[in-house]
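Undergrad: Starting off with a structure, shown below.
In this note's numbering, the protein residues as written are -16 to 284.
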């Protein structure tokens, strides 16, 4: 069964509601669905997604923003329990820090012409607030739909605050892997390369080499997002070989945020490097992981 294992809604910095995201997944022709919003998942989000998915299998997911060696790292979690207390405490910490940065960013952008406040940036889906969502929405008007101007504005704003993107989420990768496991899920390193992605380079994401993957494996990493639009062919081959070396699950995802005039059209359905049996592979990994933990696997129909 075919599954795009990396996408977002307006609960973080996507442009589609929960229901519209599931509708797009169905219309494109995928056989299963997941949502991996930045640093956010909730029981209500999962309930609404399952209701929209109907008989289509839905996997609860998240994308944690972490740091390693002082650089940003994104870690996907699948089959997590959205009501897990430890996970929800972490999400609350992230949101508190993020809202503080968002408020400061707004003050900077007001000087450039922004005329609205924090309350105008709340997600219509679940009343969440996310600073990158703020920046992208501001970018539509303030920076004349030019991505390069928006990226420079982001970097300039961070300079004015005396922070880097990595400072917005100073939690370690090892702790993120443990958090996902404690929430009943398994962990997948998102877009570990990114030579094709200008935003990742300018935001100084960590370009992972073999030593990083080895260390993460020792910490319990379960998989690598080998196939994604930000990877070059050489990176795809490199991470595929590392996944085989450490017996890590290979996943694929478009990292789709939705149609946007400044960041381009959706990649979902256009990005074609998605294995036909990805859902089965992920379900098997989930079953193995939960059996090792002595828990019953969550089979979601």
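A virtual CB, placed ideally from N, CA and C, is assigned to each residue, including glycine. A quick note: this is a predicted structure, and the numbers were derived from the prediction, not measured.
In whole angstroms, what separates the C-alpha of residue 231 from that of residue 197?
TA: Cα to Cα, residue 231 sits roughly 11 Å from residue 197.
Undergrad: Would you decide whether residue 75 is buried or exposed? Buried here means 16 or more other CB atoms lie within 10 Å of its CB.
TA: exposed
Undergrad: Quick check: residue -3 and residue 19, are their CB atoms within less than 8 Å of each other?
TA: no
Undergrad: Could you tell me which whole beta strand (DSSP E) segments of length 3 or greater appear in the segment 212 to 238?
TA: 232 to 235
Undergrad: I need the DSSP call for residue 208, collapsed to helix, strand or coil.
TA: strand
Undergrad: So, at 7 Å on beta carbons, what are the nonlocal neighbours of residue 2 in its own chain, with the 5 sequence-adjacent residues on each side left out?
TA: Cβ-Cβ distances below 7 Å link residue 2 to 31, 35 in the same chain, with the five nearest sequence neighbours on each side left out; the list follows chain order.
Undergrad: Using C-beta distances below 6 Å, list every residue in its chain close to residue 282, excluding the 5 sequence neighbours before and after it, in chain order.
TA: Low confidence applies to residue 282: its pLDDT is 49, below 50, so where it sits in the model is not reliable, and the reading given next is rough at best. Counting only Cβ-Cβ distances below 6 Å, and skipping sequence neighbours, we find nothing.
Undergrad: Write down the C-beta distance between residue 57 and residue 174 rounded to the nearest angstrom, noting that I regard them as a contact closer than 8 Å.
TA: 7 Å
Undergrad: Under the three-state reduction of DSSP, which class applies to residue 245: helix, strand or coil?
TA: At residue 245, the pLDDT of 48 sits below 50, so the modelled position is not reliable; the number obtained from the coordinates is stated separately. Three-state DSSP puts residue 245 in coil, outside helix and strand.
Undergrad: Does the distance from the CB of residue 237 to the CB of residue 212 come in under 8 Å?
TA: yes
Undergrad: Would you decide whether residue 93 is buried or exposed? Buried here means 16 or more other CB atoms lie within 10 Å of its CB.
TA: It counts as exposed.
Undergrad: Does the beta-carbon of residue 28 have 16 or more other beta-carbons within 10 angstroms, so that it is buried, or is it exposed?
TA: buried
Undergrad: Cβ atoms of residue 205 and residue 294: under 8 Å apart, would you say?
TA: Absent from the structure is residue 294, since the part of the chain shown begins at -16 and ends at 284.
Undergrad: Within a Cβ cutoff of 6 Å, which residues of the same chain sit near residue 202, ignoring the five residues on either side of it in sequence?
TA: 157, 160
Undergrad: Does the separation of the CB atoms of residue 54 and residue 261 fall below 8 Å?
TA: no
Undergrad: Considering Cα atoms alone, identify which of 40, -5, 181, -15 is closest to residue 241.
TA: -5
Undergrad: Just verifying my parser: in three-state terms, what is the DSSP assignment at residue 52?
TA: coil
Undergrad: Over what stretch of residues does the beta strand (DSSP E) that includes residue 286 continue unbroken?
TA: No answer is possible for residue 286: it lies beyond the span of the chain, which begins at -16 and ends at 284.
Undergrad: Note down the Cα distance separating residue 274 from residue 268, rounded to an integer number of angstroms.
TA: Cα-Cα distance, rounded: 10 Å.
Undergrad: Three-state secondary structure (DSSP) at residue 21?
TA: strand
Undergrad: With burial defined as no fewer than 16 other Cβ atoms inside 10 Å of the residue's Cβ, what is the status of residue 52: buried or exposed?
TA: exposed
Undergrad: In three-state DSSP terms, what is residue 16?
TA: strand
Undergrad: Go ahead and pull the three-state DSSP assignment for residue 240.
TA: coil
Undergrad: Could you tell me the distance, in whole angstroms, from the CA atom of residue 184 to the CA atom of residue 165?
TA: Each residue's alpha carbon lies about 31 Å from the other.
Undergrad: What are the residues that DSSP puts in a beta bridge with residue 59?
TA: 46, 171
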